[in-house]
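Numbering (the UniProt record's numbering), first residue to last: 1 to 134.
Now the structure itself:
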């Protein structure tokens with residue numbers, strides 16, 4: 001059973017963004033599954049994959065928002081930055097032998113992505129469509 005599950009209400013209507021969000025769900029579920037095994041090497045690998053894909057997705061999304069001259073771009077970037085920082089802090093703790101940091105990250109991941117999509121990402125949909133960059 002998955003840790004988190006994609007639901008249709010999360011769709012933004014932009015296929016690339018929705019596909020990337022679904023991939024993030026997969027990366028979160030993989031990290032959760034691997035964390036449950038306690039295998040430190042696999043945990044580190046899954047966490048790095050989650051971090052790398054998160055950074056890729058945020059960069060892609062921010063470029064789209066820049067093209068659309070999205071009025072809330074800077075606050076949106078700040079939310080992204082803060083989230084990446086939390087993942088990196090967890091990663092550093094795990095690298096230093098604190099596997100409990102993974103549990104803290106799991107608690108953060110439980111709902112963060114979906115809240116972000118529903119509150120922040122759905123907020124840019126009409127502006128991006130109006131700008132005609134899609």
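Quick reminder that beta carbons are idealized off the backbone N, C-alpha and C, glycines included.
These figures come from a predicted structure and were not determined experimentally.
> Shortest alpha-carbon distance to residue 61 belongs to which of 130, 29 and 124?
Replying inline: For residue 61, the closest C-alpha among the options 130, 29 and 124 is that of 124.
> Span of the alpha helix (DSSP H) holding residue 4?
Replying inline: Here residue 4 belongs to no alpha helix (DSSP H), and DSSP marks it neither H nor E.
> Touch check for the region 60-74 and the region 26-36: three-plus C-beta pairs under 8 Å?
Replying inline: no
>> Between which two residues does the alpha helix (DSSP H) holding residue 37 run?
In response: 15-37
> Would the beta-carbon of residue 28 fall within 8 Å of that of residue 109?
Replying inline: Contact flag set, yes.
> Where do the ends of the alpha helix (DSSP H) carrying residue 102 lie?
Replying inline: For residue 102, the enclosing alpha helix (DSSP H) stretches over residues 100-116.
> Which same chain residues, not among the five before or five after residue 47, have their C-beta less than 8 Å away from its C-beta?
Replying inline: 31, 87, 90, 91, 94, 102 and 105
>> Here's the rule: buried if 16 or more other CB atoms are within 10 angstroms of the residue's CB, otherwise exposed. What is residue 5?
In response: exposed
> Looking only at its own chain, which residues have a Cβ that is under 6 Å from the Cβ of residue 131, when we skip the five neighbours before and after it?
Replying inline: 68
> Beta-carbon separation of residue 173 and residue 25 under 8 Å?
Replying inline: With the chain running from 1 to 134 in the structure shown, residue 173 is simply not present.
>> I need the boundaries of the alpha helix (DSSP H) containing residue 82, first residue and last residue.
In response: 73-95
> Within this structure, are the beta carbons of residue 116 and residue 12 separated by less than 8 Å?
Replying inline: no
>> Buried or exposed, going by whether 16 or more other CB atoms sit within 10 Å of the CB of residue 41?
In response: exposed
>> If I measure Cβ to Cβ from residue 1 and keep anything under 6 Å in the same chain, skipping five residues before and after, which residues do I get?
In response: none
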